[in-house]
Each structure stands twice: as C-alpha cells, then as structure tokens.
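A.B. asks:
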Amino acid sequence: MSEIEFLSWVRGPGFEIATIIFVAGVVIRVSEIFLLGRKKNLAEAKGSEMKGGLHTILSRSIPDKSTLQRSTFKIVSGYIFHIGLFITICFFAPHILLVKELTGISWPSLPTAIIDASAVVSIITLVVVLIHRLRNTVLKFLSTSGDYLVWLLTILPLITGYMAFHRIGMSAPSMLAIHILSIELLLVAFPFTKLMHAFTLPIARWYNGAISAYRGVES
Amino acid sequence: MSASLEKGINALKKEVDSTVAAFFSSCVNCGMCADACLFYTEAGCPARTPINKTEPLRRIWKQEYTLLGRIGKLLGLNKPIDHDFLQRWEKLVYDSCTLCGRCSMVCPVGIDITAMIRKTREGMAAAGHAPEGLIGATKRAVETGSPMGVKLPALLAVIAHVEKDTGLKVPVDVEGAEYMLLLSSMEIMNFPEFIEAIAKIFDKAGASWTISTEAFEATNSGIQIGVSDIAAALVQRIVDAAEKLKVKTVISPECGHAYMAIRWDGPNLIGKSFNFKVRHILEVLDELRKDGRLKITGKETQKLTYHDPCQISRRGGVIDQPRNLINTFADNFIEMPDAGKMNWCCGAGGGVSTNERADELRLKVFQRKKDQLDKIKPDAIISACSNCRIHLEDGLEEYNMDIPLMSLTETLAEHLEE
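Protein sequences appear in the order of chains W and S. Counted from 1, the first sequence has number 190 at position 186 by this note's numbering; the numbering is strictly sequential. Counted from 1, the second sequence has number 320 at position 310 by this note's numbering; the numbering is strictly sequential.
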C-alpha cells in the first residue's frame, strides 16, 4: 500500500468503520443503562429530583474548598488536560473544516499558535498525569490495563497531530494518515472503555443530584 | 438467615439498576473518593478507596449487564465471584465504611458510591460474609424487636422512672395522638433523659404524643447488615403500630441510621407509601419553634459546636434545623471546618459500632474528628445521634480530650421556660 493509498483508506473506509463502531457502541452502552430502569421512590419527597439532578450536572464541576485542598493535583491536572483537549479538538481550523464537510456546520477557529500551545500543554499534562498514576499509591492500586490503554489512545492523536502539523518525522501524507488512524483507534475503543464517561457523566451526575435532592440536600 | 454464594450473587443482581449502570460506566479511576474517606485518610491502605469497596457489585454489573462482560463470560475471561473473593471484601465493605456518604459528594463524575456500598452489603450478607457482631444484632432485632435485646418490660420500667422524676405522664398506646415517638435501644438503656426531655417539651408545647408498646424500636439492623427482607419486616412493625394508633406523624429519635431506615428507605422497603408522615425529632422541634410553641429561656455561654450525624445531615437533609434550635440557647456557637453536609463521620456509623472486629479501626479513624475539634477547641459538643454520641465519648477518651457531649433535645428541655 502506498502512502497515498493508506491515507485514502483511513480517510474513507477506515473512518467509516470507526464511526460505525463508535456510534453503535455508544448507543448500545447508553441503552444498556436506561433499559435497566429504576424503581420509583415511594418516600415522601423533600425536594425536586429534576432540579437537583440538573443542578448537580453543573455544580459537580466545581469542587468544594476542602475537596480542592485534598485533591488539588487531580482536580487541576484534570481541568488542564480536558480544556486543552477541548480547544485542540474543537478550534483547530482543519478540524472545523472536516466537520463542515461532513455536516455543513462550522464555527470560528482559533489562531494556530493557541492550538499549538494547548496541544503541548495537554501532552505535558497527560505525561505528568501518567507519572502521578504510576507513583500515587491509590491510583496505582486502582489502575487497570484499561486505564493505561485509554491514556495511550488519548495522547497519540495529540502527538501525531502535532507532528503532522509541524511536519516532523515522516512525509506529510503518511503523518496525516497516522494521525487519522490514531483517532480512529480512539473512536473504536471509546464505547468499551472509561472514555464512555464523556457520555455517561451527565447521567451519573443527574442521578446523584436527584437522589440527594429528593432528601433535601444539594449535592 | 441461611446464606449461600448463589443467594449472594442473586442479591447483587437484584441491586443492579440504571443508577448502578450509569455510575460504574462513568468511573475514571481518579481516586478522589479516597481523599474524601476517613478510613483512607486516617488509616491508609489503598484497598479502602471507596469505589474499590463496590467491586463485588461492579463485577456482577459488568459480567451480567454489559455487552463486553457477556462476551467475556462466554469466553471464560471474567474475574471470578466466589467465596474467596467476597471474603476478601468483607472487611472493606463492613469494617471500613460507615456509609457516611462523603465520597458521594466528592466524586467528580457524580457516582453515589455510598449507595453502591450499601447495595454491595446485600450480596455480602446473602452470601454469608457479614460480620458476627452485625449478624447477632440483626438476629436480636428480629427475635426481640431490639438489636440490644431490650424488651418491653425494660422500656416500661424506664417510663415509670421518667414519670416519677418529671411528674408527667408518658402516654403509651394512645390512639389518635399527633406524634408516635420511636426510640433507639441505646436511648432506653443509656439515655433515658431523652424520654424525659420529650415529655417536658411536648407537655409545654401542648402536643399530643404516644409510644407504642408494639413498635418502639427505631433502629434497623437490616439496613446496616444489608438484608432488605429483614429491614422491611422491621419497618412493617412500625407501620402496623402507626396505623393501629392512627397517628399523624412518626418521630425518628436521635439516631442517624434509624432516620434513614424509616424516613427514606422505609416505604421503598415495604413497597408502599406511608399514610402518615415521618419526621426526625429535630424537624419536629424546629416546627414547634417556628410555631412559637417552644419557649426557650437562658443562654449557654460556653463554646458549643454541633456534630452533624451523617444519616441525618448529608444523607438525611436535616441540616438547618439543629442550627436553628441551637441558636435559641447558645451564645457562643461555632462550626467545625467542613460542618454541615460535608462534615466528617465520627467513624462508627453504618453498623461499624456493632461490629467488635472494627473497634480498633473506628478509634483510629476518630483522628479525623479530633483534627476538626482541635481547630475550634469547643467546650462541649452537641449531637443528635446516640450512636455518634457513644463513639464520640469513646474517641475523646482514647485521645485524652476532655470535651463533654450534649444531646440537642435534652439541652433544649433544660432551657424550657417554666
């Protein structure tokens, strides 16, 4: 396979396969949750489940003071790499162009210098997060192969994207193909790993807030 | 209680619902729950990380209710759920967790970890992996009505005493009373002053109340050990008595888990809504205060603080009422750091105090409470749970701290206008 053939495969069939697995997988995983259902609470309510649930979806993004002091590193590093990923994925001009080609929707991009910086910050933070995971007794204990796999699948698109943009290493088409392939791997693994939290987090937070609000406590 | 692995696995399966699935699907193994758990912060050991305590339930969910898990099952790739595995989790699920709920408030993805540890206990107990102390208490609760084996004659003797001391009638089995008071065995045996206080307060407020001789025990070992059938049977006794006496409101006493059992779990355990209200004694007292039926006189000048019992505050929603009440008699009230819904557990709730095997551990984790108290150095601590109170006294003695404990209801009664 020549590098051009490789690039057109990852852009064509490869991308389609990955997208199908991603979408089908996510739909299955989310359906698995809701199909289980939940019993109606028969105790006299003290607050609104809906209000509490929606409140916690937002409020849980902001830790209370004592939690911030106790889990400073986890919270700060978590915020940095998530924001970095968000900026890099959503505001890089070629990414927006891709979305526009697929859906017709577009929005303004950010200057490449900012994208560049956010990608580098994300990469560095992810490396630091990995070191922390390997050294912290609780994280070392909790971590499974899935955690390390997800780490790898998350950092690869950042690194390959950075290399493709700065024309480091291979020829441009090969590097771009590898970058796209790395994203496809991420998409394929997405429904079957903890990456799913991107979709299930609002559900979990809603339940947490609803359970608590029912008893009259803001969670 | 005949137990078997099969029963344990079935009990765990019964606990899986959409909340459990959403919670486990969202965990990113960040470990923040460990930082929120006094059993980890004070006693170390990463296995005590709250989310790890739910591993038996997680395995059942993964293997039975997810596509990947079911494929794994077909291929024989799944981790086993056997006696050996459950045995290893017993101390994590029962000795190292008071179901205090602090982890559930901190989890960034919103997992109600405590609710899932409570669910895990259902499987552990059914499989025969519950601590001896809790099994004994549960048996006594089923057989005698009380986890401490306190029977009716003992209660009647205490009531006779209270009537003699106060000159007030303690109404027993009175039909149509507004309130039916429940008690914990701990109050009957160790704190009869509580009944005395209620008699005085209700007399002054002109509230009609009663104690049922058929259901006076408020505590519920069934929810601590995690056997829903037993928990439901204990709740049903109270429901039957309340319906028989046609009372408007059942009062849960100064006990944390009793409130959770009757107020929040009760109707769900027996599968039907109550036709009476359930209120914590602090809610009732605060209502009386608002209605101007509670006349308080004299001020406590010493520096007072309030220890929030987890099941009453964070898990129960009774947070403002104790503060409103304390402010009626306290001149110098001071909050501990993290007070209110983020308060730290005393270390002995959720069945831990009934489990002798955990005695050393509960005293060790009391260090957290000690640190909180050291920051404000109060002259006395007020609480609203006899179990917290007993353990706080134990802990204070262990750490050579000389701070007296006060019951909120009893202190209020001392400040009633003559």
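Ideal placement from N, C-alpha and C gives every residue a C-beta, glycine not left out.
Cα-Cα, which of W:Glu188, W:Leu205, W:His59 and W:Arg209 is closest to Pro240 (chain W)?
C.D. replies: The structure shown does not extend to residue 240 (chain W), since chain W is modelled only from 5 to 223, so the question has no answer here.
A.B. asks: Excluding the five sequence neighbours on either side, which residues of its own chain have a C-beta within less than 8 Å of the C-beta of Gly150 (chain W), listed in chain order?
C.D. replies: Cβ neighbours of Gly150 (chain W) beyond the five flanking positions: Thr197 and Lys198.
A.B. asks: Within the 8 Å Cβ cut-off, does Phe96 (chain W) reach chain S?
C.D. replies: So no, Phe96 (chain W) is outside the interface.
A.B. asks: Have a look at S:Asn353, S:Leu415, S:Ala228 and S:Leu371 and flag the residue whose alpha-carbon is nearest the alpha-carbon of Met190 (chain S).
C.D. replies: Met190 (chain S) has its Cα closest to that of S:Ala228, out of S:Asn353, S:Leu415, S:Ala228 and S:Leu371.
A.B. asks: Which bits of chain S does Glu53 (chain W) rub up against, with CB to CB less than 8 Å?
C.D. replies: Near Glu53 (chain W) there are no residues of chain S at all, since even the closest Cβ is about 12 Å away, more than 8 Å.
A.B. asks: From Arg128 (chain S) to Gly213 (chain W), what distance separates their C-alpha atoms?
C.D. replies: If I take the Cα positions, the gap works out to 18 Å.
A.B. asks: Among residues of its own chain, excluding the 5 on either side of Ser147 (chain W), which ones have a beta-carbon nearer than 7 Å to its beta-carbon?
C.D. replies: These residues qualify, in order along the chain: Arg137.
A.B. asks: Any residues in the stretch 92-104 of chain S with a beta carbon nearer than 7 Å to a beta carbon of chain W? Which ones, in chain order?
C.D. replies: Within the stretch 92-104 of chain S, no residue has a Cβ that lies closer than 7 Å to any Cβ of chain W.
A.B. asks: How is the beta strand (DSSP E) around Arg289 (chain S) delimited, first residue to last?
C.D. replies: Note, Arg289 (chain S): beta strand (DSSP E), Lys287 to His290.
A.B. asks: Can you give, in chain order, each stretch of the beta strand (DSSP E) that sits fully within the stretch 68-121 of chain S and has at least 3 residues?
C.D. replies: For the stretch 68-121 of chain S, not a single whole beta strand (DSSP E) run of length 3 or above is found.
A.B. asks: Just the C-alpha distance for Ala390 (chain S) and Met411 (chain S), rounded to the nearest angstrom, thanks.
C.D. replies: If I take the Cα positions, the gap works out to 11 Å.
A.B. asks: Between Leu190 (chain W) and Leu157 (chain W), what straight-line distance do the alpha-carbon atoms span, to the nearest angstrom?
C.D. replies: When rounded, the distance between both Cα atoms is 5 Å.
A.B. asks: How big is the Cα-Cα spacing for Tyr218 (chain W) and Met54 (chain W)?
C.D. replies: Approximately 9 Å between the Cα atoms of the pair.
A.B. asks: Report the option in W:Lys50, W:Ile127, W:Ala181 and W:Val154 whose CA atom is closest to the CA atom of Ile163 (chain W).
C.D. replies: Closest option to Ile163 (chain W), Cα to Cα, is W:Ile127.
A.B. asks: Just the C-alpha distance for Pro263 (chain S) and Ser393 (chain S), rounded to the nearest angstrom, thanks.
C.D. replies: Approximately 12 Å between the Cα atoms of the pair.
A.B. asks: What does a CB cutoff of less than 6 Å around Phe10 (chain W) pick up in its chain, not counting 5 residues either side in sequence?
C.D. replies: Contacts found: Ala181.
A.B. asks: Report the neighbours of Thr60 (chain W) on chain S: residues whose CB is nearer than 9 Å to its CB, in chain order.
C.D. replies: Here the neighbours are Gly120.
A.B. asks: At a CB-CB cut-off below 7 Å, which residues of chain S make contact with Ser75 (chain W)?
C.D. replies: The answer, in chain order, is Met42 and Asp45.
A.B. asks: Does DSSP put Lys313 (chain S) in a helix, a strand or coil?
C.D. replies: In this structure, Lys313 (chain S) counts as strand in the three-state DSSP scheme.
A.B. asks: Keeping to the same chain, check which residues put their C-beta closer than 7 Å to that of Ala97 (chain W); ignore five residues upstream and five downstream.
C.D. replies: Only Ser113 meet the Cβ criterion.
A.B. asks: Could you tell me the boundaries of the alpha helix (DSSP H) in which Phe34 (chain S) lies?
C.D. replies: Residues Ser28 to Ser36.
A.B. asks: What does Ala423 (chain S) pair with, by DSSP beta-bridge criteria?
C.D. replies: Note: Ala423 (chain S) sits in no beta bridge, so no partner.
A.B. asks: Helix, strand or coil for Lys129 (chain W), going by three-state DSSP, please let me know.
C.D. replies: The amino acid at residue 129 (chain W) is misidentified as Lys; the sequence shows Thr. Thr129 (chain W): helix per DSSP, three-state reduction.
A.B. asks: Tell me which same chain residues have a C-beta within less than 7 Å of the C-beta of Trp111 (chain W), skipping the five on either side of it?
C.D. replies: Only Ile100 meet the Cβ criterion.
A.B. asks: Can you find a C-beta in chain S that's less than 8 Å from the C-beta of Glu9 (chain W)?
C.D. replies: Taking Cβ atoms only, chain S never reaches closer than 8 Å to Glu9 (chain W), which makes this a no.
A.B. asks: Along chain S, in chain order, which residues have C-beta atoms closer than 8 Å to that of Phe38 (chain W)?
C.D. replies: Here the neighbours are Ser28.
A.B. asks: What are the partner residues of Tyr189 (chain S), as DSSP defines its beta bridges?
C.D. replies: In DSSP, Tyr189 (chain S) forms a bridge with S:Trp219 and S:Thr259.
A.B. asks: Could you tell me which chain S residues have their CB closer than 9 Å to the CB of Val132 (chain W), listed as they occur along the chain?
C.D. replies: Residues of chain S passing the Cβ test: none, with the nearest at roughly 14 Å.
A.B. asks: Alpha carbon to alpha carbon, how far is Leu160 (chain W) from Ser186 (chain W)?
C.D. replies: In a straight line, the C-alpha of Leu160 (chain W) is about 6 Å away from that of Ser186 (chain W).
A.B. asks: Considering just the uninterrupted stretch of the alpha helix (DSSP H) at Asn4 (chain S), what are its terminal residues?
C.D. replies: Any answer about residue 4 (chain S) is impossible in this case: the structure gives chain S only from 11 up to 428.
A.B. asks: Would Ala268 (chain S) and Ala241 (chain S) be called neighbours here (beta carbons separated by less than 8 Å)?
C.D. replies: No, these two residues do not count as a Cβ contact at 8 Å.
A.B. asks: Using 8 Å for Cβ pairs, my map puts Ala209 (chain S) next to Ala225 (chain S). What's the rounded Cβ distance?
C.D. replies: No, Ala209 (chain S) and Ala225 (chain S) are not in contact; Cβ-Cβ is about 19 Å, not under 8 Å.
A.B. asks: Apply the 10 Å Cβ neighbour rule to Arg33 (chain W) and answer buried if 16 or more other Cβ atoms are within range, or exposed otherwise.
C.D. replies: Looking at its Cβ environment, which holds 16 or more other Cβ atoms inside 10 Å, Arg33 (chain W) is buried.
A.B. asks: Whose Cβ in chain S lies nearer than 7 Å to the Cβ of Ser147 (chain W)?
C.D. replies: Going along chain S in sequence order, the residues near Ser147 (chain W) (Cβ under 7 Å) are Asn39.
A.B. asks: Under 7 Å from any heavy atom of the ligand NAD, does the C-beta of Thr29 (chain S) make it?
C.D. replies: By its list of ligands, the structure shown contains no ligand whatsoever, and the ligand NAD lies outside what it can speak to.
A.B. asks: How big is the Cα-Cα spacing for Asp330 (chain S) and Glu297 (chain S)?
C.D. replies: Whole-angstrom Cα-Cα distance: 12 Å.
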